[in-house]
Structures are given as structure tokens and as C-alpha cells.
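One structure is given below, encoded as C-alpha cells.
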DNA sequence: CACGATTTGGGAAACCATTCACAAGCGCGT
DNA sequence: ACGCGCTTGTGAATGGTTTCCCAAATCGTG
């Protein structure tokens, strides 16, 4: 989690806590669903129930965006969704590169959730000559040697890294040198990056291990 | 994050904080790597550097396991790995069921990181008749209607949920009724479960949105 | 227009996690 | 046997997050 809170500029600077940012995405998804049901307003209590948080926390989270609720009524679904989108920077379109078109890479390339939330997988990159040139979910796989060109041409600032662990750091360095400033890392490796680059790591095996810990606790959890 | 700290039993009860548990998995991976390099001891400073945390935090984390370091020397790699495995409950073998054998499900079924860390995908379950009966990464896909039998027969307590969102809650309910007590949820849905069941959610689109937020901040982040 | 029911926004307290700082313990060299 | 350098383990301080709680704002009704 190489995400430091940039000590807010000279203005009245509203700083949104990291914990809040992580939840905004969830609120937004639920709000989008409500919008499709033609629901026009929602109270913090209702939205909190739908997103699995407590309503005080939800209200505090939303208060960081500004004051968009109406006392005695609730929040306007459309307005709130719009404000969250704004804060999350989803109003501008973002092109994403995916490096490492293996099993997981291919699955992610086709993941509907990305496209439907405004992220376009604009480039697929792989080192395997057998894969280069093939088309996966409508996008042609480019060779790893072209990485720098692809990143520049497609104006890419966000990359998804699904390479094998041994090459992850090297590929990461090249992405950063080419101008990428955010990386979603699925390789089981701790990446080191300059301070201006954000990395988020998704560690699938670690997730299961955390569940295993809780399983262990539940079954007696004998303390030796 | 439906993971409440079960108010430790009557004994001297050492409670490992959630934040620490999440990092233990990372330490363990690095330790395993060191073990293969025939490194026998490691200092908190070295291990901290390799895992991207600060050394004080690492030492505090490890202190929850007990006192396995040697002052002036460091930690024995093998011993430490063993202790972490014990606390994470990785000493017992755990069978995992995966429900929803779509793109993502297939990729996860073949994910080497699961197998190499002691999690065996013991069952694949899907509702699509076209997929039932096929073999994916050596495991035969079973029909959703057999879910209860499969869970019971394979003594499964952990499930990975990669179904489409609309059926996730329903499948979840059946898993829980069948005896599953931990769920790793990839469906973009907030699951509701009884208090004795732990759910961890991996929200891929949310991860990109969080990166998007930080991108936004970096580029001026005009405050309107 | 006043009142009661409702719901937000946010100050303050409680809780949890991280970082600091250093005493205590260990091994090695002399 | 002793001192020195190194490293752990942990209290105390700090910083961040969640929860509590209630004044202020809004709506609908009489």
C-alpha cells in the first residue's frame, strides 16, 4: 500500500481518508443498481444496510464529499452517484493496459465489471510469441518489447500486472519508466516503485490464508 | 468484512489483530523463498525490507505469535515459517470448493498459488449443463444441484464464489446451509451471512476505482 | 404557521493500528 | 569473564478510523 495522503494543497483542501475511498466504490455500485430500479432517494440507513456498513460510518464517509444529503429526507440517488464518480475520478475515461495474458490475465481481460465501470482494457501485452498477435476479447495481444510504444500510444496510466512472479518487478519498472502511475498487481511479489506511483496488490493465496486463520479460530483454536 | 474478533476465550488468550493476520501471509511467502535460498536466519530489518513494511511493525506483528526471535541475531527462518503456518491454520489440509466455473473461475481453479500454499481445489461446481461433466485442471465440474453432497463428501469448509452476481446470495445461502464457514467472494455483491461465517470480498472493479481516485489526485485534483 | 417525525452532518469519545524509542538479551572477540 | 555491537520485544506516544450522540434542517400535517 504505497498510497500516502498527499498533504492537501493550500486551499480548503478536503482530504478523503483511504478507508473511505475504498468504500465509496461499493456505495457507487449499489447506487447504480438503485438508479436502475427508478429509486430516486435513499436514506443513509437504507444504503448502509445494502452495503453492509453501519449508517454512521456511511454518513461520515459521504460528508467528505461535501454536503449532498437533505435532512429529513435522505440522498438523491443520481446526485450522490455523480458526486462519488467525481471524487473517484471516474468522469474521465481511463485506458488500462494488462500485462501477462495467462489464465488469470485472460479472465480479467474479459471481466465485464471493468468495462461496465468505465475502464477500458486498451492493451494486452505478453512475452510469449505463441500468444502475441492473437485476439483476446476483441483486443490484439502485443509483444512485450513494444510495451513502451503501447503505453505511450494509448495514453495509459493504469496497468494490471498478471505476469509470473519472477518478471513482475522488471515489467513494473518498464511500465513506470513508460509513464504508468498506478498498478494493480496480481503477482505474488512486493513491488518497489518510486513514491509517485501507487500500487495495489491483490494476493489471492493470502486471502485464503486469512480465511484459514479464522477457520482455525473457530475450531477450538487450541492455544499451545 | 464480516470478520469479528471472537472475544478470546477464558485462557490467557492471545488475540492476533486482523491487520497483522493479513500481513502474516506475506511474511510467510517471503520466508518460504528465503528457505529455498538456504538462508537460515533473518533480521526484522531484512524481512521488513523484503515485505515492504517497517521493521517495528514487523516485530510487533511477530510478537503476537510468541517470542521466537533471538536478540542480537534475528529469527530462524524455518522456525518462524512454522509458527506463522501454525497461527494461520495451514498445518491442517484444507479442501476448497469453487462455485461458478466461468472465465474467472477457471483461471482461479488453475491458479498455482493456491495449490502451492496448501489449498486444494477439491470441487468445481457450476449450473451450466454444458460445463457440468467437463474437466478443468484435473477436476470434474459437478452440477449445482449436487452442491450439498459435494460439500459434505469432500468435507469442505471454505468456498470460492465466482458466480454471476444475481445468483451469488442464493448460492451462498446453500453453501452455508451445507456447512461452509468461510467464503471468498468475487461476485460484486454484499453477501449476508450468519455471524459464524466469515466472508472476504475481492472486488476487482473497486480496486481500479481506488487507483483512479489516486490518479485523479495526482493530476491537479481540481477542487470545484 | 407551528409541531412532530425524520434524517443529515459533525463534534467528541472510544477504539484500533502504527511508529517511536529504548531496556534487555545474545554472541563474539579479546 | 567482560564489554561491545547488534537485534529483539514492548511500553508509550501518535495518528487514523469507527462509533456515539445530538443539534440543526427538512417535510408533512393539522
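Chains as they are written, first to last, in my numbering: chain A, 205 to 428; chain B, 205 to 428.
All residues carry an ideal CB built from backbone N, CA and C; glycine is no exception.
It should be emphasised that the depicted structure is a prediction, and the values quoted were computed from it without experimental measurement.
- Message: Under 8 Å, with one C-beta from each stretch per pair, do the segment 356-367 of chain A and the segment 384-393 of chain A reach the 3-pair mark?
- Response: With the rule of 3 Cβ pairs closer than 8 Å, the segment 356-367 of chain A counts as touching the segment 384-393 of chain A.
- Between the segment 363-386 of chain A and chain B, which residues of the former have a C-beta closer than 7 Å to a C-beta of the latter? Of all residues in the segment 363-386 of chain A, those with a C-beta nearer than 7 Å to a C-beta of chain B are 385 and 386, reading in chain order.
- Query: Is it true that the CB of residue 318 (chain A) sits closer than 8 Å to the CB of residue 329 (chain A)?
  - Reply: No, they are not a contact pair.
- Item | Residues, ordered as in the chain, of the segment 396-422 of chain B that lie near chain A by beta-carbon distance below 8 Å | Taking 8 Å as the upper bound on Cβ-Cβ separation, chain A lies near residues 396, 400, 402, 404, 406, 407, 408, 409, 410, 411, 412, 413, 414, 415, 416, 417, 418, 419, 420, 421 and 422 of the segment 396-422 of chain B.
- Item | Boundaries of the beta strand (DSSP E) in which residue 386 (chain B) is found, first to last residue | Note, residue 386 (chain B): beta strand (DSSP E), 386-389.
- Query: Along chain B, in chain order, which residues have C-beta atoms closer than 9 Å to that of residue 323 (chain A)?
  - Reply: By Cβ distance, chain B contributes 409, 412, 413 and 416.
- Task: Compare the beta carbon distance of residue 230 (chain B) and residue 255 (chain B) with 8 Å and say whether it is the shorter of the two.
- Result: Cβ distance < 8 Å, so residue 230 (chain B) and residue 255 (chain B) count as in contact.
- Tell me the start and end of each unbroken alpha helix (DSSP H) in the segment 269-333 of chain A that is at least 4 residues and wholly inside, in chain order. List check, alpha helix (DSSP H) in window: 281-291, 307-313 and 316-320.
- Item | Cβ shell of residue 338 (chain B) (< 6 Å), same chain only, five flanking positions each side left out | Excluding positions up to five away in sequence, the list reads 345.
- Would the beta-carbon of residue 311 (chain B) fall within 8 Å of that of residue 311 (chain A)? For residue 311 (chain B) and residue 311 (chain A), yes; Cβs fall inside 8 Å.
- Could you check where the beta strand (DSSP E) with residue 347 (chain B) kicks off and where it finishes? Per DSSP, residue 347 (chain B) belongs to the beta strand (DSSP E) from 343-347.
- Query: Would you say residue 335 (chain A) faces chain B, with C-beta separation under 8 Å as the test?
  - Reply: With its beta carbon at least 8 Å from every one in chain B, residue 335 (chain A) lies outside the interface.
- Message: Please report the distance separating the alpha-carbon of residue 306 (chain A) from that of residue 313 (chain B).
- Response: Rounded to whole angstroms, residue 306 (chain A) to residue 313 (chain B) spans 13 Å at the Cα level.
- Message: Looking only at its chain, what residues have a beta carbon closer than 8 Å to the beta carbon of residue 393 (chain A), apart from the 5 residues adjacent to it on each side?
- Response: Sequence-distant partners of residue 393 (chain A) (beyond 5 residues in either direction) whose C-beta falls short of 8 Å from its own C-beta, in its chain, are 369, 372 and 373.
- Query: How many whole angstroms separate the CB atoms of residue 402 (chain A) and residue 266 (chain B), which I take to be in contact at a CB cut-off of 8 Å?
  - Reply: So it is not a contact: roughly 28 Å between Cβ atoms.
- Cα-Cα separation between residue 220 (chain B) and residue 268 (chain B), rounded to whole angstroms: CA-CA distance, residue 220 (chain B) to residue 268 (chain B), rounds to 6 Å.
- Task: Determine the direct distance from the alpha carbon of residue 261 (chain A) to that of residue 281 (chain A), and round the result to whole angstroms.
- Result: Distance from the CA of residue 281 (chain A) to the CA of residue 261 (chain A), rounded to the nearest whole angstrom, comes to 18 Å.
- Item | Test: residue 315 (chain A) CB closer than 8 Å to a CB of chain B | For residue 315 (chain A), at least one C-beta of chain B is nearer than 8 Å to its own C-beta.
- Message: Can you find the residues in the same chain that come closer than 8 Å, C-beta to C-beta, to residue 226 (chain B), ignoring five residues on each side of it along the sequence?
- Response: Excluding the 5 residues flanking it on each side, residue 226 (chain B) has no same chain C-beta neighbour closer than 8 Å.
- Item | Opposing strand residues paired with residue 404 (chain B) [DSSP bridges] | Residue 404 (chain B) pairs with B:388.
- Query: Buried or exposed: where does residue 242 (chain B) fall if 16 or more other Cβ atoms within 10 Å of its Cβ makes it buried?
  - Reply: Flag for residue 242 (chain B) reads exposed.
- Task: Would you tell me roughly how many angstroms separate the C-alpha atoms of residue 247 (chain B) and residue 259 (chain A), rounded to the nearest one?
- Result: If I take the Cα positions, the gap works out to 44 Å.
- Measure the Cβ-Cβ separation of residue 238 (chain A) and residue 303 (chain A) and say whether it is below 8 Å. The answer is no: Cβ separation not under 8 Å.
- Message: So with CB distances below 7 Å, who are the chain B contacts of residue 388 (chain A)?
- Response: Close to residue 388 (chain A), with beta-carbon spacing below 7 Å, are these residues of chain B in chain order: 411, 412 and 415.
- Determine the contact status of residue 308 (chain A) and residue 331 (chain A), defining contact as a CB-CB distance below 8 Å. Pairing residue 308 (chain A) with residue 331 (chain A) gives a Cβ-Cβ distance that is not under 8 Å.
- Quick one: complete alpha helix (DSSP H) runs, 4+ long, within the segment 352-382 of chain A? The qualifying runs are 369-382.
- Query: Name the chain B residues whose beta carbon is nearer than 8 Å to that of residue 307 (chain A)?
  - Reply: Using a Cβ-Cβ cut-off of 8 Å, residue 307 (chain A) is close to 310, 311, 314 and 315 of chain B, given in chain order.
- Query: chain A partners of residue 293 (chain B), CB-CB under 7 Å?
  - Reply: Proximity of chain A to residue 293 (chain B) at the Cβ level (cut-off 7 Å) is accounted for by 416, 417, 419 and 420, in chain order.
- Query: What do you reckon, are the CB atoms on residue 200 (chain A) and residue 316 (chain A) nearer than 8 Å?
  - Reply: Since the first residue shown for chain A is 205 and the last is 428, residue 200 (chain A) is missing from the structure and cannot be characterised.
- First and last residue of the alpha helix (DSSP H) that includes residue 235 (chain A)? Annotation for residue 235 (chain A): the continuous alpha helix (DSSP H) segment containing it runs 222-240.
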